[in-house]
Amino acid sequence: MLTLPAPAKINLFLHITGQRDNGYHELQTVFALLDYGDRLHFKPAGTLTLSCDQADVPRDDSNLVLRAAALLQQHTGCRRGAAIRLEKRLPMGGGVGGGSSDAATALLGLDALWDLNLPIPTLAQLGLELGADVPVFVHGHSAWAEGVGEHLTPVSLPDAHFLVIHPGIHVSTARIFGDRQLTRDTPISKLPASLEAVLTDSFHNDCEAVATRHFPVIGELLDWLRQYAGNARMTGTGACCFARLTGAQQGQQLLQQLPQHWTGFVARSRNTSPLHEALAKFRATKNSG
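Mapping the sequence shown onto UniProt numbering, position 55 (from 1) lands on 55, and the numbers just tick up by one.
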């Protein structure tokens, strides 16, 4: 059996700089990968199957894990199967990349399980067919992103702990991006010089105002985080919001004070994805055997 993590991400900021003729939005953002997320288990099998420890997670072709597997089979002509089990910890519709990260882990995990050995750029291109956030998880490095999120420049972020809170709601990305009041003309920025610069008021999340109007609880969450942690920002199109911490202990203390119906986790930022580290260990063990 092959077991691999599907790490979360947060958008340290998110600027919408334009919209293409096909409706896709041009953006600038910094993706920070975290050491917390879902987990996928892969076993060789005659067909493709998916199971999950959460009853509300779809197990049909609408799930990005199975779509990633089918796409990989279609691209390579591989007819091997796999029994995939998903341990779901990241909220759906939370803005932390749960589905996209699961898809990336499926692509890389099945590539290893089936001995396909496709180049990372090829896997990232396949991932882009599944969603704009998938390539950053495939490449496996914190990154400055432009375009629709597919133009990635690796960045090295300082070690930091973050508190990530989910207010118990599901936010539709399509609903936020479809809102007429969404800012779509934020001036294009240069790559920030530091994490501190990214978290200043000159950078922001353009989706935040729209999301808080549709879902007032997001505004309540941001106010709560700012009261106790001094800084806060929404990630992606929501619903999760995050704050940078002085250390993990501060985050654990704040988790004890969470209002009812909110959930959260404390995570450390990682420049190199835990997924790539786990794959390297798997391949090293396989080659030595």
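Cβ coordinates follow ideal geometry from the N, Cα and C atoms, glycine included.
Asked                                                                                                           : Found
Coarse secondary structure for aspartate 38, derived from DSSP in three states                                  : strand
Given 8 Å, three or more beta-carbon pairs between the stretch 265-280 and the stretch 27-34                    : yes
Secondary structure, alpha helix (DSSP H): runs of 4+ residues fully inside the stretch 138-202                 : 173-177, 195-198
The beta strand (DSSP E) enclosing glycine 81, as first and last residue numbers                                : 81-87
Whole-number beta carbon distance between proline 44 and alanine 278, since they are thought to touch under 8 Å : In fact, because the Cβ distance is near 18 Å, the residues do not count as touching under 8 Å.
Exposure label - tryptophan 227; buried when at least 16 CB within 10 Å                                         : Per the sequence shown, the amino acid found at residue 227 is glutamine instead of tryptophan. When all chains shown are included, glutamine 227 counts as exposed.
Where the alpha helix (DSSP H) through proline 91 begins and ends                                               : Segment: none, proline 91 is in no alpha helix (DSSP H) and carries neither H nor E.
Minimum C-alpha distance to leucine 128 - residue among Gln73, Leu64, Glu220, Ala112                            : Leu64
Integer Cβ distance of leucine 116 from valine 138, believed to fall under 8 Å                                  : Going by Cβ atoms, the distance from leucine 116 to valine 138 rounds to 14 Å, so no, they are not a contact pair.
Extent of the continuous beta strand (DSSP E) run through arginine 268                                          : 263-270
Three-state secondary structure (DSSP) of leucine 4                                                             : strand
Range covered by the beta strand (DSSP E) that runs through arginine 20                                         : Arginine 20 -> no beta strand (DSSP E), and no H or E assigned at all.
Helix, strand or coil at proline 259 according to DSSP, with G and I counted as helix                           : coil
N- and C-terminal bounds of the alpha helix (DSSP H) containing threonine 122                                   : 120-130
Touching by the beta-carbon criterion (3+ pairs, under 8 Å), the stretch 18-25 and the stretch 40-54            : no
Where histidine 25 falls: helix, strand or coil (DSSP)                                                          : strand
Alpha-carbon spacing of histidine 161 relative to leucine 72, whole angstroms                                   : 35 Å
Same chain, Cβ closer than 7 Å to tryptophan 114, five either side skipped, listed in chain order               : Cys78, Arg80
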